[in-house]
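All you need for my numbering is the position in the sequence shown, starting with 1, plus 12.
Even glycine gets a Cβ: it sits at the ideal position worked out from N, Cα and C.
Step one of this worksheet: look at the structure below.
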Amino acid sequence: MAIIARHIGKEIGTPATRVLTDISLEIKDGEFVALTGRSGSGKSTLLYLLSSLDTPSEGKIEISGRDLQGISSEELYLFRNQEMGFVFQFHYLIAELTAVENVLMPTVKQGKKEQRRPAAEALLEQFDLKDKAHRLPRQLSGGEQQRVAIARSLIMEPKYLFADEPTGSLDSVNGDIVMKIFSDVNSQKKTTVILVTHEPDFAQLAQRQIHLKDGRVQPH
Ligand SMILES: Nc1ncnc2c1ncn2[C@@H]1O[C@H](COP(=O)(O)OP(=O)(O)O)[C@@H](O)[C@H]1O
Ligand SMILES: [Mg+2]
């Protein structure tokens with residue numbers, strides 16, 4: 013199984029500006045891929061398309077054998093909730109909830125909160141946050157907040173993990189910790205990791221890089 017893009021493109025805004033042009037790629041299940049390129053090259057836009065958060069202007073995307081265009085919004089919601097994890101540059105934790113309650117957010121709608129609580133605690137322990145599980149986000153450092161957000165992205169044991177500049181607001185020590193977590197999740201859980209980064213040192217930790225320039229994939 014894989015994520016497959018066939019000749020996808022994206023125009024944004026009025027008047028329409030072309031952001032992505034004729035992108036075809038295949039990311040096999042279990043791969044760790046870095047999407048690289050300068051600021052404005054289209055990395056985030058491509059990640060949003062590949063992760064079904066946005067729709068292409070042309071072309072087709074298939075994930076795990078499902079054509080994203082032919083799928084109902086409820087089915088898409090369930091698929092995202094159960095099989096996809098998302099991490100962004102800013103963590104978007106809920107300020108009023110403790111770390112462990114934030115991690116458990118994706119389980120609430122399916123009534124699996126208590127069932128998944130031990131898993132949430134285990135993730136926090138694995139990320140060196142065992143003593144801080146009951147703190148609010150503002151009582152945590154930036155690096156700790158981002159690790160809570162990563163734990164939240166993993167609580168449903170997703171098959172795919174999408175990350176958009178997850179180290180972008182971290183210092184290098186915390187950036188390294190976050191990258192180690194992504195590498196470990198990929199190698200231990202066989203989770204497909206698709207990571208947007210403009211930092212070459214981090215991109216090198218992936219098995220493969222897809223480099224964008226002006227909205228096109230650069231051949232290498
Ligand atoms: N909502 C939007 N409206 C207009 N232009 C946009 C919008 N989002 C992104 N763009 C443009 O699309 C291009 C690619 O953006 P983006 O995918 O965010 O690049 P990257 O993540 O590589 O920095 C940029 O030129 C950006 O200005
Ligand atoms: Mg971006």
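Looking only at its chain, what residues have a beta carbon closer than 7 Å to the beta carbon of residue i, apart from the 5 residues adjacent to it on each side?
i    : result
K294 : Limits of the chain in this structure are 13 at one end and 232 at the other, which puts residue 294 out of reach.
P118 : N93, R164, I167 and M168
E43  : T204, Q219 and R220
D79  : K72
V197 : L166, L173, T203 and V205
R50  : H210
A131 : I167
R128 : L116, T119 and I167
Q81  : K72
Anyone know if the C-beta pair for residue i and residue j falls short of 8 Å?
i    : j    : result
S64  : R92  : yes
V45  : I222 : yes
N157 : L105 : This sequence places Gln at residue 157; Asn is not what is there. A contact, by the Cβ cut-off of 8 Å.
I75  : I35  : no
Q101 : G52  : no
P68  : G25  : no
V160 : N114 : yes
L263 : K55  : Nothing about residue 263 can be read from this structure; the chain reaches only from 13 to 232.
I206 : I39  : yes
V237 : E133 : As displayed, the chain neither begins before 13 nor continues past 232, which places residue 237 out of reach and without an answer.
A175 : L148 : no
M13  : G97  : no
Of all the options the options, which has the alpha carbon lying nearest to the alpha carbon of residue i?
i    : options                 : result
G187 : T204, R78 and T209      : T209
I193 : L59, E70 and A218       : A218
G71  : E95, G49, L37 and D140  : L37
K225 : L58, S85 and Q81        : L58
T203 : K171, A215 and G77      : K171
D256 : E211, M96, Q200 and D66 : The chain is shown only over 13 to 232; residue 256 falls outside these bounds and no answer can be derived.
H146 : T110, L116 and M96      : T110
Q216 : S195, Q127 and Q122     : S195
K201 : Q81, K124, Y89 and E95  : E95
S199 : I83, P27 and D41        : D41
Leaving out five residues before and five after residue i in sequence, what residues of the same chain have Cβ atoms less than 8 Å from its Cβ?
i    : result
F214 : A46, T179, G187, M191 and L207
E23  : T29, R30, V31 and S69
H99  : With the sequence shown as reference, residue 99 is identified as Val, and His is not the correct amino acid for it. Closer than 8 Å at the Cβ level, and outside the excluded window around V99, lie Q158, A161, I162, S165, L173, F174, A175, D176 and P178.
K144 : A111, L136, Q151, L152 and E156
H103 : P149, Q157, Q158, V160 and A161
Just to confirm my understanding: we take residue i, look at its own chain, exclude 5 residues before and 5 after, and list those with CB closer than 6 Å. What are they?
i   : result
A86 : Just to set this straight, residue 86 is Glu in the shown sequence, not Ala. Here the set comprises nothing.
T33 : G21, G227 and R228
Which ranges does the alpha helix (DSSP H) cover as unbroken runs of at least 4 residues, wholly within the region 35-80, from first to last along the chain? Qualifying alpha helix (DSSP H) stretches, in chain order: 55-62.
At which residue ranges does the region 140-206 contain complete alpha helix (DSSP H) runs of 4 or more residues, listed in the order of the chain? Annotation: the region 140-206 contains the following complete segments of the alpha helix (DSSP H) (minimum length 4 residues), in chain order: 154-166 and 184-201.
List in chain order: all unbroken alpha helix (DSSP H) runs of 4+ residues lying wholly within the region 83-142. Here the runs fully enclosed are 85-95, 111-120 and 125-138.
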